[in-house]
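Just so you know, the sequences run in chain order A and B.
Counting in the working numbering, the first sequence runs from 1 upward without gaps.
Counting in the working numbering, the second sequence runs from 1 upward without gaps.
Even glycine gets a Cβ: it sits at the ideal position worked out from N, Cα and C.
Predicted, not measured: the structure shown is a model, and the values here were computed from it.
A short worksheet on the structure shown next.
Protein chains: 2
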Amino acid sequence: MEGRDYVDKPVERQNNHDEENGSPPPGKSSVDWLLSGDSRHELVELADMRRNDDYLPVPGEEKSPDGHFDSGKPSSEPQKLPCETIKLNPLGRGDSIGPYFTDGQRRVDYVLAYDIIKPDAVHHKSSCFADNCITRRILSLRSSPADLQLQEDPEVAAQQQQSSYHHDDKRFCRTEFEEKLLEMGLELEKDEESKIQGIGFLKIHAPWNILCREAEFLKLKMPTKKVYEVKQGNNIVENIRLFIRKVTAPLHPKVDSNRPQSVKPLSHPFSREKQHLFDLSDRDSLFGSKTRSFIVYEVLKRTKCTRTKYREGITSLLGSGVYTAAYPMHDGDIEGVQTETNDRKLLFEEWASYSVFYKYQPISLIKKYFGETVGLYFAWLGVYTQMLIPAAIVGVIVFLYGCVTVDDDIPSMEICDPRNNITMCPMCDRACSYWKLSSACGTARASHLFDNPATVFFSIFMALWAVLFMEHWKRRQMRLNYIWDLTGFEEEEDYFRTDYELRVIQKTLRKEHKNPKNEKVKLTCTDRMPAYLSMFVMMAFMITVTFAIVFGVILYRITIRAMLHVSSYPAARSNIRATVKTTAAIINLIGIIILDEIYAAIARWLTKLEVPKTEKSFEDRLIFKTFILKFVNAFTPIVYLAFFRGRLVGRPGSYLYVIGSYRMEECAHAGCLMELCIQLCITMLGKQLIQNNLFEIGIPKLKKLLRRRKSEMDSEQEQEHNKTLQRYEKDHLLGPFVGLAPEYMEMIIQFGMVTLFVASFPLAPLFALLNNIIEIRLDAKKFVMELRRPVAVRAKDIGIWYNLLRGLSKVAVIVNAFVISFTSDFIPRLVYQYMYSPDGSMHGFVNHTLSYFNTSDFQTGTAPLQPMNLGYRVEICRYKDYREHPGTSSPYEFTKEFWAILAARLAFVIVFQNVVMLMSDFIDWLIPDIPKDISLQIHKEKILMLELFMKEEQDKWCTAGDNHNSEKCTPSPSLKHSPVMTASRRDPYTPTANC
Amino acid sequence: MEGRDYVDKPVERQNNHDEENGSPPPGKSSVDWLLSGDSRHELVELADMRRNDDYLPVPGEEKSPDGHFDSGKPSSEPQKLPCETIKLNPLGRGDSIGPYFTDGQRRVDYVLAYDIIKPDAVHHKSSCFADNCITRRILSLRSSPADLQLQEDPEVAAQQQQSSYHHDDKRFCRTEFEEKLLEMGLELEKDEESKIQGIGFLKIHAPWNILCREAEFLKLKMPTKKVYEVKQGNNIVENIRLFIRKVTAPLHPKVDSNRPQSVKPLSHPFSREKQHLFDLSDRDSLFGSKTRSFIVYEVLKRTKCTRTKYREGITSLLGSGVYTAAYPMHDGDIEGVQTETNDRKLLFEEWASYSVFYKYQPISLIKKYFGETVGLYFAWLGVYTQMLIPAAIVGVIVFLYGCVTVDDDIPSMEICDPRNNITMCPMCDRACSYWKLSSACGTARASHLFDNPATVFFSIFMALWAVLFMEHWKRRQMRLNYIWDLTGFEEEEDYFRTDYELRVIQKTLRKEHKNPKNEKVKLTCTDRMPAYLSMFVMMAFMITVTFAIVFGVILYRITIRAMLHVSSYPAARSNIRATVKTTAAIINLIGIIILDEIYAAIARWLTKLEVPKTEKSFEDRLIFKTFILKFVNAFTPIVYLAFFRGRLVGRPGSYLYVIGSYRMEECAHAGCLMELCIQLCITMLGKQLIQNNLFEIGIPKLKKLLRRRKSEMDSEQEQEHNKTLQRYEKDHLLGPFVGLAPEYMEMIIQFGMVTLFVASFPLAPLFALLNNIIEIRLDAKKFVMELRRPVAVRAKDIGIWYNLLRGLSKVAVIVNAFVISFTSDFIPRLVYQYMYSPDGSMHGFVNHTLSYFNTSDFQTGTAPLQPMNLGYRVEICRYKDYREHPGTSSPYEFTKEFWAILAARLAFVIVFQNVVMLMSDFIDWLIPDIPKDISLQIHKEKILMLELFMKEEQDKWCTAGDNHNSEKCTPSPSLKHSPVMTASRRDPYTPTANC
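See the structure below:
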């Protein structure tokens, strides 16, 4: 019925696109009456300007509150808008402090900030009045295309460029944008006299009808009046659940929204046509501050500033510095005694505090305050931390098992036993000499801590743990989706990025000469080819740098070790191994941390060069690059230690040399696992301590301190001054929200540490657990206190991060298989025990792993300088390998044992990989992605919804048929024709639901 | 506005469930006026019966066609239903033949069939009049619980039980159900005098308003009036696409709906409130026959027959035999000259015919006629067949490469060269004797056809092919989802199965004694435990049977071979190998085909025992079991041949014996690949030929022949009789549609054959391709001609089958890795060439693979009876293995070469598996799941939809503000206040869109 104008407007059926460029019908602007403050005179000037008439202004406050039309024409009635603006209840909070307009009634839902200059500076420059301000921008861009590369984050970029473009351009852009916003129905208030010098603020309020309209467009699911009972499972299950709930009660935060409700309102996408379904009695709480700011942001994104096709919304304006910041406001203050309770304060007390570290997080409240993406991040972090608890416990048990059994380990007993009297070949050329195997006793015993059968069990355990974690998260995510009413929500396409738009405009301008047809231009692969090429080159270069650093550390280790061997201090010599290992690991760590920061910047720069189309694509590409670089950076030294060290050594008499005379490193007799473990331990602990404490706590503190020192004299005054600031001014002083990617990235790398090489370091989950307990509260503090409130973004899942996690846990299986079979001594021991041991025990294993070397076979110049240091002449020395005896027909060739053990190792890899993969897939298949109670409730909701609609349908028929086919309606006839009932059915409706 | 009654009906907010059991308000039934035919007298009797008043009858024909209310009360107007029944245009097809009610106007959308008996038989049995007919059913069930197991498919079951329950029970169930349907607004017509004896038909018609209502509930996406241009990519891409289209024009079926359209209407879930968006001018075509039957079926499913809680809809009634069949009607006749064109005929001509085998399928038409699931099946089959073309070509090339290079293959040349004069150890104990290796020349040359380096390439190719196929299908599915307007559609939960409901009722009755509280009862694990146990036992037993049969065939082979060796016919002896292999493979094949049928029945029976809750769960469980059984059945002999044969042999002098004195089979010298190939070839060809031709073509033909012979005298009359049959009577004679599972299953097993062992049989894709070309048309014929029309079921994907395909293609990687490294000679050759060959060539390879055996080491009683058959005394014979020479210190132990080759084989498996998996994941990541043009168009649609709504919003404001805030509306003022324009904007609307 509303579509009647299709009949006499056949042009409607064509594409609507070109309407924007068509000549608009004349009409006096009627928007200025809504503007308050001193910006009114500007808009009056604009009243005769060309305007885009696509979106009409919304009549705001002047309708009668009951919204009734008393026209006699019945057919015009259906067009009556169900939602009309009414006056919001004056809440008596009209004082200047508080998130309201100066009238103390309209809530500020969003704030835009911009630089202002004195009005006199404007007038002599206003040459592009009523002109397209973007054209200027493009022209200036064309003259300096290198500017593009200077752009940082939109806001940072804005600050950088603030001096390079004319202020009046920006002012007119702003004026036009504000006009458009008014046309969209938003209400604005300006504050250019703020206490922060040089910054003007535009406060935006979304009236009720705009909220209704946008909620309908965005298909926001809202709770309806219909509630239903939530019942999980049968009585026994329910009782167990309640019992667990009671026991864990002290662990739950004291937040209302976190309690399980026994009833849940049925949710339905908001629709004004169906608004009788929704409980509209309390309008303030129906759209919370998060939802309001989200809605305003959607409008801001959509509102086009100029007639230029490619300029879209607030993101462009931020990118080009027209506005310097855009943020919703925090709910209130945290500190201060008389502050009333607000969600932010509640979050501060019950979540962003180290004193509640043992508690669950109030996820619902986080989501309510920060939106779904942030809520999902903390929910994910919580699930991950929770899942680390069993892993850490099992890891500690495995470690303790190693400690307890260290005295029963026959191979290390044999190594430590001086009666075995095994003479080993020298560890380096010339400088080193022969040594007794029993001197490696300590290392052998230490190795057993990390290289015992329990480790194999632990690897399998952790592989399955990773799968269980993923499954658990999937279910949790599904549950949150259900609770947060996101089922059925489809992720929306993003708007184009500013950079992309600018590039497209540039290309269009270039093409206009050759190609006068106004075809739609877009960036093709050829346009992006240079960026792709430089990306590949840079990525390859960066990875090479990482490799080079690792190689440098190797050379350092080799050199230092040889030097220390030569040194005559016995104390130095006895601690050689430990010293070298630890210093090398620390050098590696420092390299990793420094490169991490550099790589993050480079990845961002490379992604910018690519000019991705949308914000989402930008994010994905950036994450992908950062992940590769950081991952390579963090894991190269570890991979080297695990798989390459000690393998490319050669054998006595024919060692492998790199760069002239550097002989490659060997492992200790008990394998490289010990060194791998040290490296992992230092990397993990160091990274976490330094990055968390130094970067996330220390540096902000330091900055604050410096700032305070600069204005030390008036620190008292400053506090006083701060108190008088408006809410939006206070928020402006906080740091901008830059997305969750860095937080996720840190955790993903940690997840890699925990799963990838867990076979060599069972304590990794424990370290991760301890770190995360701090990390949660640290991040919470940052979000609550130090950052501007982020715009709520709807999301059903954690996106690309889930795929990265999944990929890591897949790679972990194969890496662990290789660590167990190649880095540890597990397989050789097993093979010895079952194939070669004379009595089925491990006795003789050490001897079995050592080959013989005839000292007369040394290459010239490599024999030790002090051959007699052990006190006797050495003719045969031993080295760790499976090679033929010098006396056989093929001396120093691999023995049959070598091949048999190799086959066993490889077979183990195949079996391990496939068994674990099969078990993972089985678990994946066994555990349904949607928890059963949730799927039951979703089903129930659908049935209830159907019933509701059927009921409504029935009522509709009856009411429609009141006049002439009433006999078809079955509700008892006594009710039906009574005029009293009809009235009573109609009257209560009018005042409550008509807005 | 429609929801005003919430105010004085607060009870609405509670759960609606118990309303059904509450006492219904009194009210005279008003439904009988709609019934035509001779069933009216029955409903009159029912008029005073208790009724479920949830759904009200729909006023049908009596409203004035323009649907205007001239009431003076404006506030009652909004409740006016936008859709009202109007008279359908009389099409002049009121003759008795045709899918219309006897009035020739209302289309028959659905047909229910039931058994009828003479009226006089009813009267003396009508004891449960107005009683709950299901209670009787339960009571009778309790006395004979074994009945449950007898149930087959609902329809079959219905036929079986038709004599066991009272006809009057069924009749009253029907009466009640029909009454409910009338209340739901459907229109019914009975035909109990049909030409098919003993069958009554209930024809159902859904009037326009019901269609509208249900379309809204089901959120059916309908094309709106707004169309937009579909443009794929830029000009070049578009031109290429057009060119390809032109070139392949003869391959496209001559069907309108298959042509690419340049414009596409914007789709939106149907909503009566937004009906001005939709093009309602041609009501007949808006809801096609498929959609109409789908809607009716949804209503039938939802309509509850009795007051018993668990009895839901038509599925229950079919299950309990109240109705014997339920089906929508076919569109028209296929044969006959004067038949007008209909979709069925078009499908028959352009799709279900062997003469168009080379053409694409008219997928859109298939979907339009049969619904989304059937459309998806054929689309999938089409994609699979299409993808088989490159695989078949490459396979043939690989095979030809083998043929061409057979003469250059050094190992087979060495085997064939009689100068090498290698004496082999006997193939069996006592009966066999020594033999010359050169006598195996033929086998060696044949083996080369399937065992050459190209095979390795082909395995990798096929693994990637499988991934590409999956990706291609995902994209195709996405495209179809877009074209079919399924984006955003969520799969709905199924209704409960009859068996489950019955079991729950049984349990409730049992529990009532102990537990008087009326708690909701459901089947728990304990209830299902016996079923699960018997499932595991039966599955294990079945798999054991399969293994036993394969083992039996092995024994057969061993015995026959020994016997043939003894036989003195030289002809027999020369063909020994070929004979044994072929007969064994055929025996296996017959076993497989017989067991296949048995297993299908057993799987169904086992699934029934489990009593799954919903149809979907039943289907999934059944598919899973059937898949496991059929898979094990088809692949056990192949797996044995590939991985076990020739491995558990032992060595001369110490052979491995099973069951007393059966020595395990050896492979030919060139490996078992040849035999694997023969087995695969026979299984594949045989299965396809026999199952396709015999079961799918032969047996139906035979049945028809038998039927015709039985009534041979009146075959002429029968044809005449058939012509006079009504459409629904003709359709009733066709077979019921039993789902797509058997079709999919056949294809999945074939996919397994194509991918799993493709390394051994490169011609498999070719065979599959040839089979599928026939299969498509065969299935098409079945669907168009021999089956009743299935109810359209919406589906976005092929569900569980995709997971099975994915699983198979994963398993294929590892299986192929093992086939190449262990079954073929690829790795030993490579190792020989690079490690042991003196000159880097393959010369000497045969000698290298053969070990030496001293004939004096034979166990007593196993030495050949005729040691001199070669004409000389043999002291050293050779056998294929890597074992030490009898003269060394450890005779007959594995050599170093054995272990080295084993390590190489295992390493190859790891490398192959991980490289292929990595490549697969890479391809998966590289190819976006959603084709770019589709995602662009979806994006465009969203924007257009937003614009449309914004426009509408604007219009709404303007119209609503006509009276008092008109100055806010910008459409030029000259238009706005003119009363003429207002009228012209209103009038054209009323007659067109008001229904």
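Exposed or buried, which one is Ala601(B) when buried takes at least 16 other CB atoms within 10 Å?
That one is exposed.
Chain A partners of Arg213(B), CB-CB under 8 Å?
Those are Glu953, listed as they occur along chain A.
Under the criterion of a Cβ to heavy atom distance below 8 Å, does Val811(A) qualify as lining the ligand PLP?
Among the components modelled here there is no ligand, and therefore nothing to report on the ligand PLP.
Secondary structure at Ala113(B), three-state DSSP: helix, strand or coil?
If DSSP states are grouped into helix, strand and coil, Ala113(B) belongs with the strands.
Given 8 Å as the limit, is there contact between the segment 657 to 664 of chain B and the segment 742 to 759 of chain B, that is, 3 or more CB pairs closer than that?
Segments in contact, no.
Run down chain B in chain order and give the residues with a C-beta less than 7 Å from the C-beta of Glu273(A).
Residues of chain B passing the Cβ test: Glu273.
How close, in whole Å, do the beta carbons of Ser851(B) and Asp881(B) come, if the pair is a contact with beta carbons under 8 Å?
Their Cβ separation, rounded to whole angstroms, is 5 Å, which keeps Ser851(B) and Asp881(B) in contact under 8 Å.
Provide the residue span of the beta strand (DSSP E) that contains Asn854(A), from first to last.
Where Asn854(A) is concerned, the enclosing beta strand (DSSP E) stretches over Leu850 to Asn854.
For Ile236(A) and His276(A), what's the separation of their Cα atoms in angstroms?
Rounded to whole angstroms, Ile236(A) to His276(A) spans 38 Å at the Cα level.
Just reading off the beta strand (DSSP E) that Ser439(B) is part of, what are its end residues?
Careful: Ser439(B) lies outside any beta strand (DSSP E) and carries neither H nor E.
Just to make sure I have the definition right: I need the residues of chain A whose C-beta is within less than 7 Å of the C-beta of Ile910(B). Which are they?
Here the neighbours are Leu906, Val909 and Ile910.
Within 10 angstroms of the Cβ of Cys1004(B), are there 16 or more other Cβ atoms? Answer buried if so, exposed if not.
Outside the modelled stretch of chain B, which goes from 1 to 995, sits residue 1004(B), for which no answer is possible.
Using the Cβ count rule (16 or more neighbours within 10 Å means buried), how would you classify Met535(A)?
Met535(A) comes out buried.
Which complete beta strand (DSSP E) runs does the segment 796 to 871 of chain A hold, if anything under 3 residues is left out?
You should have 850 to 854.
Quick check on Thr583(A): does DSSP put it in helix, strand or coil?
In the structure shown, Thr583(A) sits in a helix (DSSP, three-state: H, G or I).
Please classify Asp191(B): does DSSP put it in a helix, a strand, or coil?
Looking at Asp191(B) - three-state DSSP - the assignment turns out to be strand.
Alpha carbon to alpha carbon, what distance is there between Leu502(B) and Ser64(A)?
In this prediction, Ser64(A) scores a pLDDT of 37, lower than 50, which makes its location untrustworthy; the coordinate-derived value is nonetheless stated afterwards. C-alpha separation (whole angstroms): 60 Å.
Pick helix, strand or coil for Phe101(A), following the three-state DSSP scheme.
Coil at Phe101(A), not helix or strand.
From Ile483(B) to His268(B), what distance separates their C-alpha atoms?
Spanning the two alpha carbons is a distance of roughly 13 Å.
By how many angstroms is the C-alpha of Thr614(B) removed from the C-alpha of Arg302(B)?
Going from the Cα of Arg302(B) to the Cα of Thr614(B) covers about 14 Å.
Alpha carbon to alpha carbon, what distance is there between Tyr832(B) and Met413(A)?
Each residue's alpha carbon lies about 42 Å from the other.
Distance check for Val813(A) and Leu756(A), CA to CA, integer angstroms please.
The straight-line gap from Cα to Cα measures roughly 8 Å.
Identify the contact partners of Ile814(A) in chain B, using a Cβ-Cβ distance below 8 Å as the criterion.
Per Cβ cutoff of 8 Å: Asn914.
Residues in its own chain within less than 7 Å of Gln866(A) by CB, not counting five upstream and five downstream?
Excluding positions up to five away in sequence, the list reads Ser433.
How about Gly807(B): is its C-beta nearer than 9 Å to some C-beta of chain A?
Yes, Gly807(B) counts as interfacial toward chain A.
Using DSSP's beta-bridge definition, name the partner residues of Val263(B).
Answer by DSSP bridge pairing, in chain order: Glu229(B).
Using 9 Å as the threshold, is the C-beta distance between Pro328(A) and Arg789(A) below it?
Yes.
Do Phe469(A) and Pro762(A) have their CB atoms nearer than 9 Å?
No.
Would you say Arg647(B) faces chain A, with C-beta separation under 9 Å as the test?
Not one chain A Cβ lies under 9 Å of Arg647(B).
Assuming Gly200(A) is part of the beta strand (DSSP E), what are its boundary residues?
Residues Ile199 to His205.
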